[in-house]
């Protein structure tokens, strides 16, 4: 299996084989970060641009470290609101930077579809680092990597994704990735935050927390944005935490070896209590660690030397 | 000056005519219809062609005054003629808005300078289309307004909507209503369904349209006023209108080709040319719209021609404006409805006599002595829609590159022939 795509825009468009190729490649890169000298020359001479149209710290940093550990040059092009208001379109911005001869763009934008628009217009590789509620492929890939590392497989596992599904790119990318690798996915949250037709992507839907956790091997909690309460998606943070939060009371009745995941940053006491986030079943920090390996793999496959 | 159209298939649904005949035009008026007519002057051979009353578009947006870079009255007139339309009714959402006599007169002046097709202004129902104060219906009608609409906006206050309907009963001109519960649709850019769930784009539920269709039907019943519903897009709206018509409520409605030709799936690639309001719906809605056209629940096919510049449409999916152009594609896309049951005459009626009746204008038929507005159509012509052939100043249509069948060969306005536009 060889990588042939110019871009990584989402997991919807990837085949099972392509996802597995990324995961295998990531496996071989993971060891680099545990060395004393955390660097290989793989992408020496390549230029990568972090093109972030909305603020992000962790994803941007993770890509930056991944690029540096592969010896690529990485440029940070974060766009403040003021330069957006100067009226330059995202495509124009990307074309301008591309004119300086770069190899890869890592793009985050607050509107679904913008990385795809950019990818269509430019020759350089484009990685979608999150386009609003649409997709966040590298997050789902690092989740898949982490699950496989811990459970030894993905096929046959049952994963409950709990929280604000409607506004979650992480949920969408994970539904595609998990189902393509043979896991079953159950989505759980208040009905106001679950689009009724999302089941057609291949997941079950429940509004009952108990039902969601019953047979699950992994509980994947999503971040709850406090603004959603103002938009009347739920009456209060307290009620949300009571009905859908990860706390030891709610988690009675889970499978014995259940594992807890979260894409971060976590709201302690809202969707997850400290007693759970810091417990031995929590994979939250390992997800972050694996993010580097997965992003190294993606960068390598997209712009590495093709033999 | 005579003009003779020979041997065409003359379809005049308003007069129940569908036969091979000649039409003689004298001094811009229809003088005679019959076989083997002879006259001096110009002759158009129409053998194998359709000869129909000039098409009427009840729902066109031109951008003059205000955004002449996107469409002017002149460029819009050319697009209309190319698409077979001899009369277009222009919506008031210009800048300034058509809420006063001055703008109505300006439109007539510019139309006269263009001297191409008939342009009939639709005035706003409320000042600045804000849904607060009524415009001066009487004065606007005297200046030449043929109907009233706040198109693009719904009048959200039911009391003001009621007053507008009651007051409109003084006059014959209809209120043309854009039905949208803007609180329910707020922020939405595509139909709420599988596509919005998949792409994570904010959705507009069908009920945002249907709630206001239902409300306005009830208010029409309450007031006894007549209403015409713009761009009906859902199976539920068709059902509501059908029931209302049975009850005797004075309602007519229109749809547009995109609502029986395209579904939400067209948005999958984030092509903003498919961003329209109401949004593209689902297959079952397409089917219900077709059925509604067939059983006469839906009276009219309109273009909802909405030009936007390339720069506006190149924005991201949230920021790009709603709308697609339609004057040059409505005829072939409507002809695609024709099958063994759905007659040509039925389709032509929805583009001629039906809109004329709704507006109460003396057009849409081929009566003797009438102004000779005639469209000659080659129903077999197959052609590919290309940017460079569009007469509209704006090119925002998702049908670019599509093979279309049927084209206006000659568009005749008051006896003047336009050809090869």
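Protein chains in written order, with the numbering used here: chain G, 19 to 325; chain V, -2 to 418. C-beta atoms are modelled at their ideal positions from N, C-alpha and C, and glycine is treated no differently. A quick note: this is a predicted structure, and the numbers were derived from the prediction, not measured.
For residue j and residue i, the rounded distance between their alpha carbons
i, j, result
"residue 277(G)", "residue 195(V)", "27 Å"
"residue 379(V)", "residue 372(V)", "18 Å"
"residue 119(G)", "residue 136(G)", "15 Å"
"residue 348(V)", "residue 318(G)", "58 Å"
"residue 14(V)", "residue 298(V)", "20 Å"
"residue 186(V)", "residue 264(V)", "10 Å"
"residue 280(V)", "residue 272(V)", "17 Å"
"residue 300(G)", "residue 261(G)", "20 Å"
"residue 276(V)", "residue 131(G)", "17 Å"
"residue 264(G)", "residue 87(V)", "58 Å"
"residue 80(V)", "residue 49(V)", "13 Å"
"residue 39(V)", "residue 107(V)", "29 Å"
"residue 200(G)", "residue 68(V)", "53 Å"
"residue 165(G)", "residue 33(G)", "19 Å"
"residue 240(G)", "residue 182(G)", "6 Å"
"residue 70(V)", "residue 19(G)", "58 Å"
"residue 291(G)", "residue 400(V)", "59 Å"
"residue 180(V)", "residue 206(V)", "11 Å"
"residue 126(G)", "residue 30(G)", "18 Å"
Proximity test, Cβ basis, 9 Å: residue i and chain V
i, result
"residue 129(G)", "yes"
"residue 155(G)", "no"
"residue 115(G)", "no"
"residue 30(G)", "yes"
"residue 132(G)", "yes"
"residue 135(G)", "yes"
"residue 146(G)", "no"
"residue 184(G)", "yes"
"residue 216(G)", "yes"
Contacts around residue i, its chain only, beta-carbon distance under 8 Å, and the 5 residues preceding and following it disregarded
i, result
"residue 175(V)", "146, 147, 148, 149, 150, 151, 227, 228"
"residue 100(G)", "Interpretation of residue 100(G) is limited by its pLDDT of 49, a score under 50 that renders its predicted location unreliable; no figure is taken from the coordinates."
"residue 125(V)", "94, 96"
Cutoff 9 Å: residue i Cβ touching any chain G Cβ
i, result
"residue 266(V)", "yes"
"residue 200(V)", "yes"
"residue 190(V)", "yes"
"residue 328(V)", "no"
"residue 178(V)", "no"
"residue 319(V)", "no"
"residue 420(V)", "Lying outside -2 to 418, the shown extent of chain V, residue 420(V) is not represented and no answer is given."
Residue i - DSSP class collapsed to helix/strand/coil
i, result
"residue 56(V)", "strand"
"residue 415(V)", "strand"
"residue 155(G)", "helix"
"residue 187(V)", "strand"
"residue 143(V)", "coil"
"residue 123(V)", "strand"
"residue 100(G)", "Residue placement at residue 100(G) cannot be trusted, given a pLDDT of 49 that sits under 50; what the coordinates show is reported in the next sentence. It is helical."
"residue 72(V)", "helix"
"residue 14(V)", "strand"
"residue 291(V)", "helix"
Own chain, CB closer than 6 Å to residue i, minus 5 neighbours either side, in chain order
i, result
"residue 357(V)", "169"
"residue 128(G)", "72, 150"
"residue 72(V)", "390"
"residue 83(G)", "310"
"residue 28(V)", "21"
"residue 352(V)", "53, 55, 297"
"residue 321(G)", "64, 121, 122, 143"
Neighbourhood of residue i by C-beta, 7 Å cutoff - its chain only, sequence neighbours within 5 removed
i, result
"residue 322(V)", "302, 303, 304, 389, 391, 393, 394"
"residue 89(G)", "57, 58, 59, 60, 61, 62"
"residue 262(V)", "192"
"residue 10(V)", "342, 345, 346, 349, 350"
"residue 339(V)", "291"
"residue 369(V)", "22, 25, 26, 27, 409, 411, 412"
Terminal residues of the alpha helix (DSSP H) in which residue i lies
i, result
"residue 194(G)", "187 to 198"
"residue 221(G)", "Residue 221(G) -> no alpha helix (DSSP H), and no H or E assigned at all."
"residue 114(G)", "108 to 116"
"residue 42(V)", "Residue 42(V) -> not in any alpha helix (DSSP H); beta strand (DSSP E) instead, spanning 39 to 42."
Element boundaries [beta strand (DSSP E), containing residue i]
i, result
"residue 258(G)", "It is not in any beta strand (DSSP E) - residue 258(G) instead sits in the alpha helix (DSSP H) that spans 255 to 262."
"residue 404(V)", "400 to 410"
"residue 70(G)", "65 to 70"
"residue 29(V)", "26 to 31"
"residue 377(V)", "371 to 381"
"residue 123(G)", "122 to 127"
"residue 9(V)", "-1 to 9"
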